[in-house]
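S.K.: Structure provided below as structure tokens; questions to follow.
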DNA sequence: CTCCTTATTATACGATTGTATAATTAAGCA
DNA sequence: TGCTTAATTATACAATCGTATAATAAGGAG
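Residue numbers (full-length UniProt numbering), protein chains in the order written: chain F, 1 to 217; chain Z, 1 to 217.
And the structure:
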């Protein structure tokens, strides 16, 4: 009869939502869609399963929020790289490229996380919108950096160049993330910079090396 | 009492396995992992669910076979492109690149299919092996084509160049497949060829246009 | 201190999952 | 033709899924 009911603390709506989103992204990254069940998500977020639906209308609703949060994080990570760089357009571009080709952006779990959302993105119009906006926003940022280079001001050719450079980044991000053992340390970054330099026919400076142990999850 | 048992025909093991693999790939491409249930797969293959385990030890076993079949198809599609091309090394390379950047290789469902397997690949050692072998095989093929170009015989630099060119192809394949409306007809192919031409510092001829309506699913 | 709101836990429910097994029947062989 | 085998269907089962609802208690208001 002595019922042991789990003790708990009340938290703000914002904290609970963030915890649930973080838990969902972690599980999705580690084990794919099948691992991110409502019970597993709630468990990792430190609550019981029933509470999820107190903060999200449905699991799909939580999935949408998690996807939006992921895309937000990825774009902000890239943008931060250019702001901390110098004023030289070539250096800014190099920093922008480099940050995408090393951890935590270039990472196997990140790639798998992104891949796991693809099918949701196809069906859900809201997620599709976020996907397109994120991709085009990233590419526009790249195009702006390219147009800032000397002699690359023409928008029409800059568009084609930004698509090509974006492809180099995405392709290397994919391969470096999924097959990390196939590349030497820093090789992906180096190849990416020289390829983009060749595409743009513009020399690029070597960006500063990654901070050794700045980000520990 | 008059039991209406579904009529059936006995088929060869090979035919049944192929039908099951094809059905699994179709469902995986259309609706992702959650859509490819054993019942749905059996239904599309024209049999009842119980029979799956007569030809595959488990669903994971079928998944493995389906992945191997997919990778096999993708590599053979790419290899076929170079064999039908002329003897000119640059033309062969251009044909190899072009076939990867237009349907049926560059296709949204194909990308989602590939992405859906990523988490399986991570866990299953057999699938991981197939994945690495396919990727490295494709890249080796690309490297061989590059080394055949005049003045590109050095293996060390050809390796870096093939990684870069492969990234261009993969990135454009990804973006063209997932965001087909963001590109004009033939634009992806054109951008890919000129980017690779710039990376290799070698002019590439325009490959023959895709046959208009050769492949109708 | 007491009451009241509601965040939270606990439990239940129907649907669906992969798997296992029994019941049938198609088709080759004597 | 009749027999035999195993390919195939049909059914059952435990586990787990997302969701819904009732019971409980945390924490601020008065």
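Note that beta-carbon positions come from the ideal geometry of N, C-alpha and C, so glycine has one too.
The structure presented is a predicted model; accordingly, all values stated were derived computationally and were not measured.
(1) With a 10 Å radius around its C-beta and 16 neighbouring C-beta atoms as the bar for buried, classify residue 50 (chain F) as buried or exposed.
(2) Per DSSP, what kind of secondary structure is residue 43 (chain F) in: helix, strand or coil?
(3) Buried or exposed: where does residue 32 (chain F) fall if 16 or more other Cβ atoms within 10 Å of its Cβ makes it buried?
(4) Use the C-beta contact count for residue 201 (chain Z): other C-beta atoms within 10 angstroms, 16 or more gives buried, fewer gives exposed.
(5) Tell me where the alpha helix (DSSP H) around residue 121 (chain Z) begins and ends.
(6) With respect to the alpha helix (DSSP H) encompassing residue 15 (chain F), which residues constitute its N-terminal and C-terminal limits?
(7) Would you report the Cα separation of residue 206 (chain F) and residue 196 (chain F), rounded to the nearest angstrom?
(8) Would you tell me roughly how many angstroms separate the C-alpha atoms of residue 60 (chain Z) and residue 208 (chain Z), rounded to the nearest one?
(9) Residues of chain F with CB under 8 Å from residue 275 (chain Z), in chain order?
(10) Can the beta-carbon of residue 199 (chain F) be found closer than 9 Å to that of residue 148 (chain F)?
(11) Any chance you could list the alpha helix (DSSP H) runs of at least 4 consecutive residues sitting entirely within the segment 121-156 of chain Z, in chain order?
(12) Using 9 Å as the limit for Cβ to Cβ distance, is residue 182 (chain F) near chain Z?
(13) Mapping DSSP to helix, strand and coil, what is residue 203 (chain Z)?
(14) How would you list, in chain order, the residues of chain F whose beta-carbon sits under 9 Å from the beta-carbon of residue 59 (chain Z)?
(15) Starting from residue 100 (chain F), trace the alpha helix (DSSP H) both ways and give me its first and last residue.
(16) Quick one: does residue 175 (chain F) have its CB under 9 Å from some CB of chain Z?
(17) Going by C-alpha to C-alpha distance, which of F:98, F:75 and F:168 sits closest to residue 135 (chain F)?
(18) Between the segment 121-135 of chain Z and chain F, which residues of the former have CB atoms less than 9 Å from a CB of the latter, in chain order?
(19) Restricting to Cα atoms, I'd like to know which of Z:4, Z:9 and Z:190 is closest to residue 100 (chain Z).
(20) Following the continuous alpha helix (DSSP H) through residue 75 (chain Z), name the residue where it begins and the one where it ends.
(21) Near residue 113 (chain Z), which residues of its chain fall below 7 Å by C-beta distance, leaving aside the five closest residues on each side in sequence?
(22) In its own chain, which residues sit with a C-beta less than 6 Å from the C-beta of residue 188 (chain F), not counting the 5 before and 5 after it?
(23) For residue 17 (chain F), would you say it is in contact with chain Z, using Cβ-to-Cβ distances shorter than 9 Å as the test?
(24) List the residues of chain F whose Cβ lies closer than 8 Å to the Cβ of residue 112 (chain Z), in chain order.
(25) Give a yes or no on whether the minimum CB-CB distance between residue 97 (chain F) and chain Z is below 9 Å.
(26) Tell me the rounded alpha-carbon separation between residue 160 (chain Z) and residue 42 (chain F).
M.R.: On the basis of the coordinates in this document:
(1) Residue 50 (chain F) is exposed by the Cβ-count criterion.
(2) Helix at residue 43 (chain F).
(3) buried
(4) exposed
(5) 108-123
(6) 13-31
(7) 12 Å
(8) 41 Å
(9) Because chain Z here runs from 1 to 217, residue 275 (chain Z) falls outside it and cannot be looked at.
(10) no
(11) 125-147
(12) yes
(13) coil
(14) Here the premise fails: no neighbours, minimum Cβ distance about 12 Å.
(15) 89-100
(16) yes
(17) F:75
(18) 121, 122, 123, 131, 132 and 135
(19) Z:190
(20) 59-83
(21) 25, 28, 29 and 70
(22) 101, 172 and 176
(23) no
(24) Those are 118, 119 and 122, listed as they occur along chain F.
(25) No, residue 97 (chain F) lies away from the interface with chain Z (no Cβ there is under 9 Å from its Cβ).
(26) 45 Å
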